[in-house]
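Chemist:
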Amino acid sequence: MKSSRNANRIMLVAAMTLQLFACGPADTPAPGSDLAVLAQQVEGYAEALPGKPLVFPRDHGPHPDYRIEWWYLTANLSDAQGEPYGAQWTLFRVATRPRDAANPQGSWQKDQVFMAHMAITTPEDHLSFQRYARGAEAYDLARAGVETGPFSAWLDDWVLQSRGEDWLPLEVSARQGNYAFRLNLQSESPLVLQGDSGFSQKNADGGGSFYYSQPFLQAGGSLWIDGREVPVSGNAWLDREWSSQFLQAGQAGWDWFSLHLDNGEKLMLFQLRQQHEGNATDNFLHAGLIAADGSVTTLDPQRIGLQALRQTSVAGRDLPLHWRIELPQIGRQFDIEPLHPDQWLDVDFPYWEGVIFINGAGPENSGRGYMELTGYPATAERH
Amino acid sequence: MMLIHALLSHYRRHPVQALFLLTGIIVANVLLTGTLLINAQSRASYAEGEQFLNAAPAGEIRHSDRGQNIDERDYIQLRRLGFDNVTPLLREVVQTADGRILELAGIDVLAMPRSGRGISFSEGNTSNNISFAGFAFAPYQLWVAPARLQQLGATAGERLRLSSDQMLPPLVAAGDQQLGHRLLIDIGALQSLAGKPGELSSLLVFPDSPGRLTQLRESLPAHLRFIASNDSPDPAELTRSFHLNLAAMGLLAFVVGIFLIYNALAFSYTDRRDLIRKLRLAGVGKTGLAGMLLLELFLFLLVGTLAGSWLGAQMAAWLLPGVGRTLAQLYGVYIAYPDGLVPSGIWLPLLMTFLAAGLCVLFPLREALNAPMLERHQAGWQQATVQRRDRLLAWSGVLLLLISALAGFLAQHLWVALAGMACLLLGAALLLPAVLRTLIGALERAIPPQKARLAWLLADSRWLLGPASLALMAMTLALVANSGLNTMIFSFRAATDDWLSQRLAADLYLRRPPDAAELQSWLATEMPELQLAERFSENITRENPAGIPVTLQAISLHNGERFRDTVKLVAGERDAAGKFHNGEGVYISERAWRIDGWQPGDSVQLCDAHTAVPVLGVYRDYGNPRSQWMLSKRLFKACWPEQLATGLSISGPPGSDWDRIRSTVVERFDLDDDEIINQAELKQVGMAVFDRTFTVTQALNTLTLLVAAIGIFCAISAIHHHRVSQQALLTSLGLTRRERGSLLMLQWGMLGLLCMVLVWPFGTALAGYLAAVVTPTAFGWSFSLQPEWRHYLVLAALAAGCLMLAVILPSLRLLTTSPAAMLRQQNV
């Protein structure tokens, strides 16, 4: 069960797709029955299977035969005074029905829907936006799409693209009203193929997803906050994943951490929460330490300590924004605290995703990162 | 308390009379409330502006060439420049297999604004089960307002078949989407239905910061232009006349209702004279009695107006889709059909009814209270009193007719024209009793004295004029209005038909023109006998003679005799045609002449590139709610040399095989079948639009007639109550029941026919008034009157039939009562 964090992301998209199709009331945590509906629709899509090597630059591009896919970028940034900022750019691709090669369709009837989220965290504030668009075959007929050669992923003017013919360096830019960012992304480190050479198993039956990351991106550029330009630099983390398969029912949500440690290592850690809380031992835990050379050390789930220190009320929900993480296997212990609580994405499928601080002894126990919390019901709903 | 109890006991014994009074009050309210609500709802819709998924655009981006569609690539380019407040729109008018016309708006829900009042995918409307995803993806959905769904006679889930044999997506009733007459569909689905891949009619621009909107304007390529919603013609202004006409219909029904109220009160008080006399003998004061009677009336009014208002709201909801269709087809304006109408301004009909009823009660109340106390009430309708009344009414009628004539001459404003029309209607009705009396008198003199039964019948009918004249007046009022409106619509239809035949000079019309030069050269080699004509148009804004800026359309007229003859001038200078074709002046539409005030001989500034030219003549332009100037093609080209043709037409010698020519052109220029239309089809579509435009008028017209029928039924029932002695007399003279029945029928049938003596001329006069005064003032269109004689006969049969039918029911009781019982009753 490596890299199940991706599975969580799949669930996020699944839930969003579900919203798209069912238009149920807002904030419905995906219950089992909804996932069952989705499971029926999986038929006709390609299945992610191990033993299929990833090929680049081809696999930077879209895989429309698979149901869902994303390009997910988060950046921990600082301005000239060292004040912390954050930027998030995500593009989800969802196929609404299996491709039918025999019946090609007009530009508006493409069955590929794109959903994008854009968020900026400032020392005091957090802004988030969302957009939807349909894909199209032709570049100039599509509000959203992904191309390789050179690489470009876009929805309107929210764009992640290679600056030249090569994959790196990348540039990400997005604007909504008076808020915008434009960042250059460069790295000397290789891509990290997650799981078994890029195949990440998701359940005991062997199903899974294709998954690779670029966690070592150096980011530099500007944010525009209410029209004011703020030059920034920092670390960025890009995740790529595609699959047709969804998680089993019974999961309420997840707590996920991507951490840039001050010693240059990266740490990914998450827990999947069972729908019926109470027994924390039922939750599924995963952690992987990524060395500077891209090699991944997966930690023993039994020896991952993840403890919520307290609940904070955000957007009508009680969220665990403060954590203690203990990893005795690699001798790490640190606390997680948010830059500020208000990093809630009030989008169609709302979640908390934002800048966090890692506080511990020594550079191996400190740094900054991003935390994602999903599936926490509104306080009123719980009672 | 005892007093009111005693007074109300009358209604316990005669519940039908209470029903009549209530009916009058309700009738006065229903149509008035209904039309008021429709107008209020329309005004609310205009104020909100056209909405898409409950979001109102700040403007639209259109192609600089009117009528040209926008290339989807231009839209994508704007989105990729970051203008996320721009969303695509494709409008299409399609025809179903059974001939109904649907106006479809294709939108992309995925591109709609994501904030404010825009949509959210998660806030799915669980109440009526609509789904944005179902809308946006195959098999798609066709969203329709529930009222429109009903109008189409379709059910949710049904798929309509188009005349092209394509199937529309399943219908989904979307109640709160402000859809109105339009049907909403996914833009991709519509593009493929219409065979217009990659084409958009316009781009909706949703509100953004002023700076951002300026940036958008500056980013537009030369062939696109932004039109702010505020710059578009104000729909409220455009449709003002239509709503005034609607209000006038409501007022007409109100007047009919007031007649009924008066009638009911008069009968009820006459019937209770004995009771009132007894009460007064028992020592009850006049003031107390008056107070009680007024309190009783107040109670009736309260119940009646409330019921009337409620029914009016129901009627408004029922009629609203029809109104919406008219507005969409006549003005291109869309109103919403809400699930519930806002009861705004409902106090107005209430107040009017109370005031009018207050006036109505004055005369009967005074009569009832002032009757001599010691004299037993004899015949209710003394001939002398009645004759005096009829004379008074007749003189009032003459006075109203004079006022009406004066208003007709002076009418500049629609209100004056409508007031004049009201005077004409009322005047005609008021003349009725005197005219009927004269006519019956003449008949009495004409019949030989030995026909005693007939003589008696006529004499009795003359007596009947006393109690029945009010109801007959109400009926006449409704019949005159009905006849007038029908004649007007018939004449207008004939005029439009004539005018369309005149104006549609060419044989084939191309909606989306291919390259004109290419078509021209192809025609020259392939079919040299055919001629190509181009049509140009440009929207311009000019100050009218009163200094008010008017948006009008400048159009070109193709050279050549065939086209020259299509324009028949209503007014104009000598040798106008010659000067026009030399480009020495322009023609103006009747609306520009009548409403905006340009006169033949006036100088108008066409464009900066050309000196001012004189107005040479005025032509008819039916159905166009906007003013128009017509220029020769040469003059048009001098002003707007760059303008591309907005339409092409092909004409040829008579007897050409147009079906073959059409299919050849379609094939050669790769046109869609609906992009080329022949003259006959075009005319048919034009007339279909005309007919649908008057659906609401016809419906209201029929309702007024129904109101009058109810009135006459009420009146006859009440009169029969007083006719027992007359029947007893006839029975004692040995007349059988059958004979008595025939006499009754004959009597009322004759009265109905005699009424036609007024209905015919005044109906025609009303139609003339509508054609010559009201319509020109309201719309700027005039047409000559063409009386339809067949309709007059139908109306006569209808009136006589209606009266006889109304007689049957109350008569049954009268005829089946035994003579002894009758006489007993008489002795009470």
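Chains A and B are the protein sequences, given in the same order.
Numbering of the first sequence is given in the working numbering, commencing with residue 64 and proceeding in unit increments.
Numbering of the second sequence is given in the working numbering, commencing with residue 38 and proceeding in unit increments.
For every residue, glycine included, the Cβ atom is placed at its ideal position computed from N, Cα and C.
1. Since I believe valine 255 of chain A is in contact with proline 278 of chain A (beta carbons under 8 Å), could you give me their beta-carbon distance rounded to a whole number of angstroms?
2. For the segment 107-130 of chain B, which residues have a beta carbon sitting closer than 9 Å to at least one beta carbon of chain A?
3. Quick check: arginine 197 of chain A and leucine 147 of chain B, are their CB atoms within less than 8 Å of each other?
4. Cα-Cα, which of B:Ala431, B:Ser46, B:Gly143 and B:Arg137 is closest to serine 305 of chain B?
5. Can you check whether the C-beta of alanine 148 of chain B is within less than 8 Å of a C-beta belonging to chain A?
6. At 9 Å on the CB atoms, spell out the chain A contacts of phenylalanine 527 of chain B, in chain order.
7. For proline 440 of chain A and chain B, any beta-carbon pair shorter than 8 Å?
8. According to DSSP, is isoleucine 367 of chain A helix, strand or coil?
9. Report buried or exposed for threonine 80 of chain A, applying the criterion of at least 16 other Cβ atoms within 10 angstroms of its Cβ.
10. Which runs of the beta strand (DSSP E), 3 residues or longer, sit entirely within the segment 713-760 of chain B?
11. Do you know how far the Cα of asparagine 282 of chain B is from the Cα of leucine 75 of chain A?
12. Quick one: list the residues of chain A neighbouring phenylalanine 243 of chain B, beta-carbon separation under 8 Å, in chain order.
13. Thinking C-beta only, is proline 127 of chain A closer than 8 Å to alanine 158 of chain A?
14. Which residues in chain A sit within 7 Å of phenylalanine 673 of chain B, going by Cβ to Cβ distance?
15. Using C-beta distances below 8 Å, list every residue in its chain close to leucine 790 of chain B, excluding the 5 sequence neighbours before and after it, in chain order.
16. Indicate whether at least one CB of chain B lies closer than 8 Å to the CB of tyrosine 274 of chain A.
17. Could you check which residue in B:Pro358, B:Arg309 and B:Gly622 has the C-alpha nearest to that of histidine 647 of chain B?
18. What does arginine 197 of chain A pair with, by DSSP beta-bridge criteria?
19. What is the C-beta distance between isoleucine 687 of chain B and leucine 545 of chain B, in whole angstroms, given that I count them as a contact (C-beta under 8 Å)?
20. Between the Cα of phenylalanine 600 of chain B and those of B:Arg254, B:Asn661, B:Gly689 and B:Ala583, spot the shortest distance and give me the residue it belongs to.
21. Answer with yes or no whether the minimum CB distance from valine 209 of chain A to chain B is below 8 Å.
22. At the 8 Å Cβ level, is phenylalanine 573 of chain B part of the contact set with chain A, yes or no?
23. Whose Cβ in chain B lies nearer than 8 Å to the Cβ of threonine 153 of chain A?
24. For a contact meaning CB atoms closer than 9 Å, what does threonine 437 of chain A contact in chain B?
25. Output needed for leucine 514 of chain B: all residues of its chain with C-beta closer than 8 Å, excluding positions within five of it in sequence on either side, in chain order.
26. Quick test of the definition: if touching needs 3 or more C-beta pairs under 8 Å, does the segment 120-130 of chain B touch the segment 241-248 of chain B?
27. Please name the residue, chosen from B:Leu830, B:Trp826 and B:Ile632, that lies closest to proline 448 of chain B on a Cα-to-Cα basis.
28. With DSSP as the reference, label threonine 588 of chain B as helix, strand or coil.
29. What are the start and end residues of each continuous beta strand (DSSP E) run of 3 or more residues lying completely inside the segment 562-630 of chain B, in chain order?
30. CA-CA distance, threonine 812 of chain B and proline 272 of chain B?
31. Taking 8 Å as the threshold (C-beta atoms), are methionine 286 of chain B and leucine 35 of chain B in contact?
32. So alanine 846 of chain B packs on glycine 778 of chain B, CB below 8 Å; how close in whole Å?
33. Alpha carbon to alpha carbon, what distance is there between phenylalanine 799 of chain B and leucine 348 of chain B?
34. Can the beta-carbon of isoleucine 477 of chain B be found closer than 8 Å to that of leucine 495 of chain B?
35. What residues are listed by DSSP as bridge partners for aspartate 302 of chain A?
36. For histidine 42 of chain B, count neighbouring C-beta atoms within 10 Å of its own C-beta (all shown protein chains included) and say buried if the count is 16 or more, exposed if not.
Modeler: So, from the listed chains and residues:
1. Here residue 278 of chain A refers to the residue found at position 215 when the first sequence is read from its first residue. Here residue 255 of chain A refers to the residue found at position 192 when the first sequence is read from its first residue. That pair is a contact at about 6 Å.
2. Glu109, Arg110, Tyr112, Ile113, Gln114, Arg116, Arg117, Leu118, Gly119, Phe120, Asp121 and Pro125
3. Reading the first sequence from its first residue, position 134 is the one you call residue 197 of chain A. Reading the second sequence from its first residue, position 110 is the one you call residue 147 of chain B. Contact: yes.
4. Taking the second sequence and counting its residues from 1, one reaches residue 305 of chain B at position 268. Comparing Cα-Cα distances from serine 305 of chain B to each of B:Ala431, B:Ser46, B:Gly143 and B:Arg137, the minimum goes to B:Ser46.
5. As a first step, residue 148 of chain B is located in the second sequence; it is residue number 111 there, counting from the start. By this cut-off, alanine 148 of chain B is an interface position.
6. If you number the second sequence from 1, residue 527 of chain B lands on position 490. Under the 9 Å cutoff, chain A gives no residues; its nearest Cβ is about 47 Å from phenylalanine 527 of chain B.
7. As a working mapping, residue 440 of chain A is identified with position 377 in the first sequence. It does not; no Cβ of chain B falls within 8 Å.
8. Counting from one through the first sequence, the residue named residue 367 of chain A turns up at place 304. In the three-state reduction of the DSSP assignment, isoleucine 367 of chain A falls in the coil class.
9. As a first step, residue 80 of chain A must be located in the first sequence, where it is residue number 17. Confidence at threonine 80 of chain A is low in this model, with a pLDDT of 48, below 50, so its placement is unreliable and no value can be given for it.
10. Taking only runs of at least 3 residues, the beta strand (DSSP E) segments lying wholly in the segment 713-760 of chain B are 713-715.
11. Here residue 75 of chain A corresponds to residue number 12 of the first sequence, with the count starting at 1. Here residue 282 of chain B corresponds to residue number 245 of the second sequence, with the count starting at 1. The predicted model places leucine 75 of chain A with a pLDDT of 49, which falls under 50 and marks its position as unreliable; any figure quoted below should be read in that light. Distance between the alpha carbons of leucine 75 of chain A and asparagine 282 of chain B is about 58 Å.
12. Locating residue 243 of chain B in the second sequence gives position 206, where the first residue counts as 1. Here the premise fails: no neighbours, minimum Cβ distance about 13 Å.
13. Translated into the one-based positions of the first sequence, residue 158 of chain A becomes position 95. Translated into the one-based positions of the first sequence, residue 127 of chain A becomes position 64. Contact: yes.
14. For the purposes of this step, residue 673 of chain B is taken as residue 636 along the second sequence, with counting starting at 1. Near phenylalanine 673 of chain B there are no residues of chain A at all, since even the closest Cβ is about 36 Å away, more than 7 Å.
15. Sequence index remark: in the second sequence, residue 790 of chain B carries index 753 (1-based). Same-chain partners within the cutoff: Ala833, Ala836 and Ala837.
16. Sequence index remark: in the first sequence, residue 274 of chain A carries index 211 (1-based). Not closer than 8 Å to any Cβ of chain B, the Cβ of tyrosine 274 of chain A fails to qualify, so no.
17. Numbered from 1 along the second sequence, position 610 holds the residue referred to as residue 647 of chain B. When each option's Cα is compared against that of histidine 647 of chain B, the closest is B:Gly622.
18. In the first sequence, the residue the question calls residue 197 of chain A occupies position 134. Arginine 197 of chain A is bridged to A:Val176.
19. Locating residue 687 of chain B in the second sequence gives position 650, where the first residue counts as 1. Locating residue 545 of chain B in the second sequence gives position 508, where the first residue counts as 1. Yes, they are in contact, since the Cβ atoms of isoleucine 687 of chain B and leucine 545 of chain B sit about 4 Å apart, within 8 Å.
20. Numbered from its first residue, the second sequence carries residue 600 of chain B at position 563. The shortest Cα separation from phenylalanine 600 of chain B among B:Arg254, B:Asn661, B:Gly689 and B:Ala583 belongs to B:Gly689.
21. The residue you call residue 209 of chain A lines up with position 146 of the first sequence. Not a single C-beta of chain B is nearer than 8 Å to the C-beta of valine 209 of chain A.
22. Your numbering for residue 573 of chain B matches position 536 in the second sequence. No, its Cβ sits nowhere closer than 8 Å to a Cβ of chain A.
23. Stepping through the first sequence from its first residue, residue 153 of chain A is reached at position 90. For threonine 153 of chain A, none of the residues of chain B pass the 8 Å Cβ criterion, the least Cβ distance being about 15 Å.
24. For the purposes of this step, residue 437 of chain A is taken as residue 374 along the first sequence, with counting starting at 1. Here the premise fails: no neighbours, minimum Cβ distance about 14 Å.
25. For the purposes of this step, residue 514 of chain B is taken as residue 477 along the second sequence, with counting starting at 1. Closer than 8 Å at Cβ, skipping near neighbours: Leu289, Val292, Val293, Phe296, Leu462, Leu463, Ala465, Ala466 and Ala745.
26. yes
27. Counted from its first residue, the second sequence places residue 448 of chain B at position 411. The identity of residue 448 of chain B in the sequence shown is alanine, whereas the question assumes proline. When only C-alpha atoms are compared, the closest one is B:Ile632.
28. Counting from 1 along the second sequence, the entry for residue 588 of chain B is found at position 551. Looking at threonine 588 of chain B - three-state DSSP - the assignment turns out to be strand.
29. 568-572, 574-580, 586-594, 606-609 and 623-626
30. For the purposes of this step, residue 812 of chain B is taken as residue 775 along the second sequence, with counting starting at 1. For the purposes of this step, residue 272 of chain B is taken as residue 235 along the second sequence, with counting starting at 1. Taking the straight line from one Cα to the other gives about 19 Å.
31. Given a span of 38 to 865 for chain B in the structure shown, any question on residue 35 of chain B remains unanswerable.
32. Residue mapping note: residue 846 of chain B aligns to position 809 of the second sequence, counting from 1. Residue mapping note: residue 778 of chain B aligns to position 741 of the second sequence, counting from 1. It should be pointed out that residue 846 of chain B corresponds to leucine in this sequence rather than to alanine. Leucine 846 of chain B to glycine 778 of chain B, Cβ: 12 Å. No contact.
33. The residue labelled residue 348 of chain B in the question sits at position 311 within the second sequence. The residue labelled residue 799 of chain B in the question sits at position 762 within the second sequence. C-alpha separation (whole angstroms): 31 Å.
34. If you number the second sequence from 1, residue 477 of chain B lands on position 440. If you number the second sequence from 1, residue 495 of chain B lands on position 458. The answer is yes: Cβ separation under 8 Å.
35. One-based indexing of the first sequence puts residue 302 of chain A at position 239. Note: aspartate 302 of chain A sits in a beta bridge opposite A:Tyr135 and A:Ser276.
36. Position 5 of the second sequence, counted from the start, is the residue given in the question as residue 42 of chain B. Exposed.
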